[in-house]
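For reference, the structure is listed below as structure tokens.
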Amino acid sequence: MKVLESAISKNGQKIELLGNENHKKTLVIGVFHGDEPQGQFLIDNYLKKNDSSLLFIPCLNPDGMALKVRTNSNGVDLNRNFPTKNWKITEQNEFFGGTEPASEIETKFIVNIIEKYKPELILTLHAPFKVVNYDGDAKEISEKISKIINYPVEASIGYPTPGSFGTYAGIEKKISTITLELDEECPVEALIEPVEKIFKLLEK
2 MKVLESAISK
12 NGQKIELLGN
22 ENHKKTLVIG
32 VFHGDEPQGQ
42 FLIDNYLKKN
52 DSSLLFIPCL
62 NPDGMALKVR
72 TNSNGVDLNR
82 NFPTKNWKIT
92 EQNEFFGGTE
102 PASEIETKFI
112 VNIIEKYKPE
122 LILTLHAPFK
132 VVNYDGDAKE
142 ISEKISKIIN
152 YPVEASIGYP
162 TPGSFGTYAG
172 IEKKISTITL
182 ELDEECPVEA
192 LIEPVEKIFK
202 LLEK
């Protein structure tokens, strides 16, 4: 896999888009939230063994992961920082969406990649809810993922998420967008097999 695009986080860490030249228009993103590191482990493990046709951002939030916090190093929840119609300034807690939409290096990186590479399907790896959540026209592929990992399919996560990536990509940009919420109580090694099957499904 080649590094197709990169950015440097506030704390000097690389954020990379990996892919091959003949890639599919499918993007997989790990570690939106620094306290949900499963995505990078599963992506890195997959890429060690497979020459993939997908696009991957193994770790969107390296600063948050190093700090073991949900937010990035500016204290912004990246999944509330996208330039959506429902973005708003919120309380400065772990769900703080920033002082303005797309204020963060990590958010700008994703926005630019979507504009340049025009993915038609995006899978983001989160924790801990054990659901396959989707936005946009992604019900059919979500149901296939659900059968692999045995999590229910949910069109709504159950609480408001102003400025969320799902709203930005799935609803406003009309890109089929899936949020796979992994079981954080399960050893990450036990997630390798089902998640690899999901990546293989997306390769088809």
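Going by this note's numbering, the final residue of the sequence shown carries number 205, and the count climbs one at a time with no gaps. For glycine and all other residues, C-beta sits at the position ideal for the given N, C-alpha and C. The structure displayed is predicted, hence computed values, not measured ones.
The residue among Q39, F42 and S177 with its C-alpha nearest the C-alpha of A156 is S177.
For K26, no alpha helix (DSSP H) segment is defined, and its DSSP state is neither H nor E.
According to DSSP, E6 shares a beta bridge with L18. Under the 10 Å beta carbon count, E17 is surrounded by 16 or more other beta carbons and is classified as buried. For L126, the enclosing beta strand (DSSP E) starts and ends at L122 to H127. If you draw a 10 Å sphere on the C-beta of Q39, you find 16 or more other C-beta atoms in it, and that means buried. S10 and D78 have their C-alpha atoms spaced approximately 14 angstroms apart. A Cβ-Cβ contact shorter than 8 angstroms links M66 with V32.
Collapsing the DSSP output to three states places I150 in a helix.
Under the three-state reduction of DSSP, I58 is assigned to strand. Taking the Cα positions, T85 is about 13 angstroms away from K175.
Taking all protein chains in view, the Cβ of N94 is surrounded by fewer than 16 other Cβ atoms within 10 Å, so the residue is classified as exposed.
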